[in-house]
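Okay, structure first, notes after.
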């Protein structure tokens, strides 16, 4: 990261060569300090705390049924959220890019809402809609025997809601870039709408979709606020990994808390690496 | 008659792209839709292909009523200005697309693709991706792809518009030769009058959503139906209240019968041609005359000298309307 810059004056970029070697080192030091204080040191300490007493506590934590259940529930919620957001994300992107309809700008603005509204507010609003007593959807669903709040469907719903914009925001620009020429060419060659979608549109946007899905997954496994409100946080039943971390930590069960935290952080690091590799591929694909 | 367009109107909001257009395009010929940008010619082509729906009017293709058919059922080949290559498929796969959709046997597809790639001189490029081809090669690939499904008509929307001048000239002559080989009814859109005059069997001139004139290149050039058509087909000038072509004026250095006396106000040499401006009336606008260099040398005149101008026998001319700003300046030849 702190590569020593190649010495020598740069003739073409005058403003850069004004900064002496010392100035450049200072600037780099500030950036590195900032990133370290905010990101690198805290994340590193999570791993250090998880592994400081060797592997035994980690293995013990990861075989604890409560921890296993929390991690499973997080994985289930994240997978549902990815599937739902991939399907609807592509559909909504197509709608936004390829069609004109009244209310399009409003829909476009609404898509970003989950990013700007606090997850706690999202959770609260879901409680209002899906509660069994007087929820506008919760009541009829309860009569059908479907329970949304304090169970897996509610957790999936909250997680999906929170990560909804990520696929759309990745796919929309790719669709715009792709244009309609190829699709029109396909239909003039005899392809139906369905065939055109699978053979022309999807291959063109696939990296955008993959990228969006990866981001969506990362966001989903980290979701806390909305899930905390809709799940009821019942240990061993509706407690996701992030909720478990908080509770275990507050109960002075630090070994387990840090183990789960390390798993979540590790997953995030893997995902970010995947994204970095994908980004290169997408850019190479576009050029 | 291959394509019959009957009273087609198409509006975008308040803008009228096609205003009650009726055109008949004969079978087996190469027809150019010629006109300025925004004049409606591309819209007409897209209505024929089914890529746009007309607000009113009807289209029939090879005797089949096509007005309400979606593009995939019209059996037209369409070639786009920007190629619309399927970027993620090889050249051969691009060409095979229409045949694969029709679930033709693999052997037959391979044979047909090979044949078409040979026809468009891309045989050794079958395994490449479109991004590895030049613009001209991509457009030839798009043409092969459109021809693969044996369309009853081939429609090309400014097919050479995105190419540089030299490639454009080569490719349009190649298109002419290709058409002589395959004889499929072909319609291409262009704003380049030289391209239309050089390549097409028939020309339909379209302006402001209406058909100005249709006919063979000679008919259109020799007897333009309107001042617009005349001005659009090449440089024009005004002489004695008539619109004429600069090369249709004879210049003399001495008085001759029926010639008008004028003073030379400007002389400009452009390559093989000399453009001379002369005006009969010092206040009025000058008349420009195009001469060969040899002719100009023989005249021995320069700025300030007096010449006599006369319209060449048989030259097309028409009364100039009051200077109509709606009529664009002479289109660029190129």
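Chains as they are written, first to last, in the numbering used here: chain A, 51 to 337; chain B, 18 to 351. Quick reminder that beta carbons are idealized off the backbone N, C-alpha and C, glycines included.
Open item on the list: Check this for me: beta carbons of residue 185 (chain A) and residue 278 (chain A), under 8 Å apart or not?
Closed with: Counting from one through the first chain, the residue named residue 185 (chain A) turns up at place 135. Counting from one through the first chain, the residue named residue 278 (chain A) turns up at place 228. Taking 8 Å as the Cβ cut-off, residue 185 (chain A) and residue 278 (chain A) do not qualify as a contacting pair.
Open item on the list: Using beta carbons (cut-off 8 Å, strictly below), is residue 239 (chain A) in contact with chain B?
Closed with: Here residue 239 (chain A) is taken as the residue at index 189 of the first chain, counted from 1. For residue 239 (chain A), the answer is yes, since a Cβ of chain B falls inside 8 Å of its Cβ.
Open item on the list: For the segment 118-130 of chain B, list every residue whose C-beta sits within 9 Å of some C-beta in chain A, in sequence order.
Closed with: 118, 119
Open item on the list: Short of 7 Å in beta carbon distance, which residues of its chain neighbour residue 345 (chain B), apart from the five on each side in sequence? Order them along the chain.
Closed with: For the purposes of this step, residue 345 (chain B) is taken as residue 328 along the second chain, with counting starting at 1. Residue placement at residue 345 (chain B) is flagged as unreliable, the pLDDT there being 44, under the threshold of 50; the coordinate-derived value follows with that caveat. Cβ neighbours of residue 345 (chain B) beyond the five flanking positions: 53.
Task: DSSP-derived helix/strand/coil call for residue 106 (chain B) - done: Indexing the second chain from 1 puts residue 106 (chain B) at position 89. Residue state, collapsed to three classes: coil.
- [ ] Decide if residue 224 (chain B) is buried, meaning its Cβ has at least 16 other Cβ atoms within 10 Å, or exposed.
- [x] The residue you call residue 224 (chain B) lines up with position 207 of the second chain. Classification of residue 224 (chain B): buried, given that the 10 Å Cβ count is 16 or more.
Task: Of the residues B:46, B:67, B:331, B:28, the one placed nearest residue 197 (chain B), counting alpha carbons only - done: Within the second chain, numbered from 1, the residue matching residue 197 (chain B) stands at position 180. It is B:46 whose Cα lies nearest to the Cα of residue 197 (chain B).
Task: Chain-ordered chain B contacts of residue 234 (chain A) [CB-CB under 8 Å] - done: Looking up residue 234 (chain A) in the first chain gives position 184. Near residue 234 (chain A) (Cβ distances below 8 Å), the residues of chain B are 68, 88, 95, 97, 101.
Open item on the list: Based on DSSP bridge pairs, tell me the residues matched to residue 285 (chain B).
Closed with: Position 268 of the second chain, counting from 1, holds the residue named residue 285 (chain B). Paired residues: B:292.
TODO: Report the neighbours of residue 178 (chain B) on chain A: residues whose CB is nearer than 8 Å to its CB, in chain order.
DONE: Residue numbering aside, residue 178 (chain B) sits at position 161 when the second chain is read from its first letter. The premise fails here: residue 178 (chain B) is roughly 13 Å from chain A at the closest Cβ pair, so nothing lies under 8 Å.
Task: Burial state of residue 87 (chain A) (16 or more Cβ within 10 Å) - done: Counting from one through the first chain, the residue named residue 87 (chain A) turns up at place 37. Result: exposed.
Task: Boundaries of the beta strand (DSSP E) in which residue 117 (chain A) is found, first to last residue - done: The residue given as residue 117 (chain A) occupies position 67 in the first chain. Residue 117 (chain A) -> not in any beta strand (DSSP E); alpha helix (DSSP H) instead, spanning 115-148.
TODO: Determine the DSSP secondary structure at residue 100 (chain B), reduced to helix, strand or coil.
DONE: By 1-based counting over the second chain, the position of residue 100 (chain B) is 83. DSSP places residue 100 (chain B) in coil when its eight states are reduced to three.
Open item on the list: If the criterion is Cβ atoms closer than 8 Å, does the pair residue 51 (chain B) and residue 172 (chain B) meet it?
Closed with: As a working note, residue 51 (chain B) is residue 34 in the second chain. As a working note, residue 172 (chain B) is residue 155 in the second chain. Not a contact, by the Cβ cut-off of 8 Å.
Task: Reference residue 71 (chain B); option with closest CA among B:105, B:27, B:109, B:80 - done: Along the second chain, one-based indexing puts residue 71 (chain B) at 54. Ranking the options by Cα distance to residue 71 (chain B), first place goes to B:27.
Task: Per-residue burial, residue 57 (chain A) [other beta carbons within 10 Å of its own, 16 or more giving buried] - done: Residue 57 (chain A) sits at position 7 when you count from the first residue of the first chain. The pLDDT assigned to residue 57 (chain A) is 42, lower than 50, so where the model puts this residue is not dependable; a value taken from the coordinates is nonetheless given after this. Counting C-beta atoms within 10 angstroms of its own C-beta, residue 57 (chain A) has fewer than 16 neighbours from the protein chains shown and is therefore classed as exposed.
TODO: Ignore the nearest five residues each way along the sequence and tell me which others in residue 226 (chain A)'s own chain have a CB closer than 7 Å to its CB.
DONE: Along the first chain, one-based indexing puts residue 226 (chain A) at 176. Within the same chain, and ignoring the five residues on either side of residue 226 (chain A) in sequence, the residues whose Cβ sits closer than 7 Å to its Cβ are 147.
Open item on the list: Is there a Cβ of chain A sitting closer than 8 Å to that of residue 255 (chain B), yes or no?
Closed with: Reading the second chain from its first residue, position 238 is the one you call residue 255 (chain B). It does not: the Cβ of residue 255 (chain B) has no partner Cβ on chain A nearer than 8 Å.
Open item on the list: Please classify residue 287 (chain B) as buried or exposed, where buried requires at least 16 other C-beta atoms within 10 Å of its C-beta.
Closed with: Taking the first residue of the second chain as 1, we reach residue 287 (chain B) at position 270. Classification of residue 287 (chain B): exposed, given that the 10 Å Cβ count is below 16.
Open item on the list: Could you check whether the Cβ of residue 115 (chain B) sits closer than 8 Å to any Cβ belonging to chain A?
Closed with: Taking the first residue of the second chain as position 1, residue 115 (chain B) is located at position 98. True, the Cβ-Cβ gap to chain A drops below 8 Å.
Open item on the list: Just to confirm the assignment, what range does the alpha helix (DSSP H) spanning residue 76 (chain A) have?
Closed with: To locate residue 76 (chain A), count along the first chain from 1; it is residue 26. Start and end: 71-85.
Task: Through-space distance from residue 40 (chain B) to residue 25 (chain B), alpha-carbon basis - done: Along the second chain, read from residue 1 onward, the residue named residue 25 (chain B) stands at position 8. Along the second chain, read from residue 1 onward, the residue named residue 40 (chain B) stands at position 23. Rounded to whole angstroms, residue 25 (chain B) to residue 40 (chain B) spans 9 Å at the Cα level.
Task: Per-residue contacts from residue 253 (chain A) into chain B (C-beta, under 9 Å) - done: If you number the first chain from 1, residue 253 (chain A) lands on position 203. Under the 9 Å cutoff, chain B gives 103, 104, 105, 106.
Open item on the list: Need the endpoints of the beta strand (DSSP E) that residue 42 (chain B) sits in, please.
Closed with: In the second chain, residue 42 (chain B) corresponds to position 25, counting from 1. It spans 32-42 - the beta strand (DSSP E) in which residue 42 (chain B) sits, taken as one unbroken run.
Task: Buried/exposed call for residue 309 (chain B), threshold 16 Cβ in 10 Å - done: Start at 1 with the first residue of the second chain, and residue 309 (chain B) comes out as number 292. By the neighbour-count rule (16 or more Cβ atoms within 10 Å), residue 309 (chain B) is not buried but exposed.
Open item on the list: Is residue 196 (chain A) close to chain C? Criterion is C-beta to C-beta, closer than 8 Å.
Closed with: No chain C appears in the structure shown, which is made up of the protein chains A and B.
- [ ] Within 10 angstroms of the Cβ of residue 252 (chain A), are there 16 or more other Cβ atoms? Answer buried if so, exposed if not.
- [x] Taking the first residue of the first chain as position 1, residue 252 (chain A) is located at position 202. Answer is exposed; the Cβ neighbour count stays below 16.
Task: Collapsed DSSP secondary structure at residue 189 (chain A) in the structure displayed - done: As a first step, residue 189 (chain A) must be located in the first chain, where it is residue number 139. Three-state result, residue 189 (chain A): helix.
Task: Beta-carbon gap between residue 209 (chain A) and residue 131 (chain A) smaller than 8 Å - done: Numbered from 1 along the first chain, position 159 holds the residue referred to as residue 209 (chain A). Numbered from 1 along the first chain, position 81 holds the residue referred to as residue 131 (chain A). Going by C-beta atoms, residue 209 (chain A) is nearer than 8 Å to residue 131 (chain A).
Task: residue 281 (chain A) versus residue 204 (chain A): straight-line alpha-carbon distance, rounded - done: Indexing the first chain from 1 puts residue 281 (chain A) at position 231. Indexing the first chain from 1 puts residue 204 (chain A) at position 154. So the alpha carbons of these two residues sit roughly 7 Å apart.
TODO: Can you pull the chain A residues whose beta carbon is under 8 Å from the beta carbon of residue 162 (chain B), in chain order?
DONE: What you label residue 162 (chain B) is simply residue 145 of the second chain in a count that begins at 1. Among the residues of chain A, those whose CB is under 8 Å from the CB of residue 162 (chain B) are 235, 239, following chain order.
Task: Reference residue 138 (chain B); option with closest CA among B:155, B:124, B:103 - done: Within the second chain, the letter at position 121 stands for residue 138 (chain B). Comparing Cα-Cα distances from residue 138 (chain B) to each of B:155, B:124, B:103, the minimum goes to B:155.
- [ ] Report yes if the C-beta of residue 224 (chain B) is less than 7 Å from at least one heavy atom of the ligand FMN; otherwise report no.
- [x] Among the ligands in the structure shown, none appear at all, so the ligand FMN cannot be discussed.
TODO: Could you list which residues in chain A have their beta carbon closer than 7 Å to that of residue 268 (chain B), in chain order?
DONE: What you label residue 268 (chain B) is simply residue 251 of the second chain in a count that begins at 1. Here the premise fails: no neighbours, minimum Cβ distance about 50 Å.
- [ ] Could you check if residue 319 (chain A) is buried or exposed, using at least 16 other CB atoms within 10 Å of its CB as the buried criterion?
- [x] In the first chain, the residue the question calls residue 319 (chain A) occupies position 269. Exposed is the call here.
- [ ] Let me know if residue 174 (chain B) comes out buried or exposed under the rule of 16 or more other beta-carbons within 10 Å of its beta-carbon.
- [x] For this step, residue 174 (chain B) is matched to residue 157 along the second chain. Looking at its Cβ environment, which holds 16 or more other Cβ atoms inside 10 Å, residue 174 (chain B) is buried.
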